[in-house]
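Asks: To convert, take the position in the sequence shown, counting from 1, and add 1071; that gives the numbering used here.
Just so it is clear, CB atoms sit at the ideal spot from N, CA and C, and this is done for glycine as well.
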Amino acid sequence: MLFVAVFELVAGVAIIGLWAILLTTRRVPEIQARDRSIWFHLAAEFALGAVLIASGLLLLSDDAAWMRVLAGTAAGAMVYSTTNSPGYYA
């Protein structure tokens, strides 16, 4: 489970980092266009990043069964986000 923990930590930090950079450099045109849907998208992305980080940290600390469920849920959310995002930007 070490690989899964490290992968989820790196992915969570990368997702939050990407959006932090995009927001601070004003590279999210939907905000200037006042498109409300971007706020829901951002909330989902930041929540995904937070869950991935939490899951990775918990897996590093202990390998309890419920932590494996959380890791699987976080990975599933990441798969959903990965398949949903191209349609959002197309």
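1. Any idea if Val1122 is buried or exposed, counting beta-carbon neighbours within 10 angstroms, 16 or more meaning buried?
2. Beta-carbon within less than 6 Å of Glu1101's beta-carbon, same chain only, minus the 5 sequence neighbours each way: which residues are those?
3. Tell me the residue span of the alpha helix (DSSP H) that contains Val1081.
4. Where does Val1099 sit, in a helix, a strand or coil, going by DSSP?
5. Drop a sphere of 10 angstroms on the beta-carbon of Gly1147, count the other beta-carbons inside from all chains shown, and report buried for 16 or more, exposed for fewer.
6. Would a check of beta-carbon distances place Ala1121 closer than 8 Å to chain B?
7. Is any heavy atom of the ligand GTP found at a distance shorter than 7 Å from the C-beta of Leu1093?
Replies: In brief:
1. As a first step, residue 1122 is located in the sequence shown; it is residue number 51 there, counting from the start. Per the 10 Å Cβ criterion, buried.
2. On the sequence shown, position 30 is the one that residue 1101 refers to. In the same chain as Glu1101, and ignoring 5 residues on each side of it, the C-beta atoms closer than 6 Å to its own belong to Ile1109, in chain order.
3. Here residue 1081 corresponds to residue number 10 of the sequence shown, with the count starting at 1. The continuous alpha helix (DSSP H) containing Val1081 extends over residues Leu1073 to Thr1095.
4. Here the question's residue 1099 lines up with position 28 in the sequence shown. Three-state DSSP puts Val1099 in coil, outside helix and strand.
5. Along the sequence shown, read from residue 1 onward, the residue named residue 1147 stands at position 76. Gly1147 is exposed by the Cβ-count criterion.
6. In the structure shown, chain B cannot be found, because there is only a single protein chain.
7. Of ligands this structure carries none, so the ligand GTP is not represented either.
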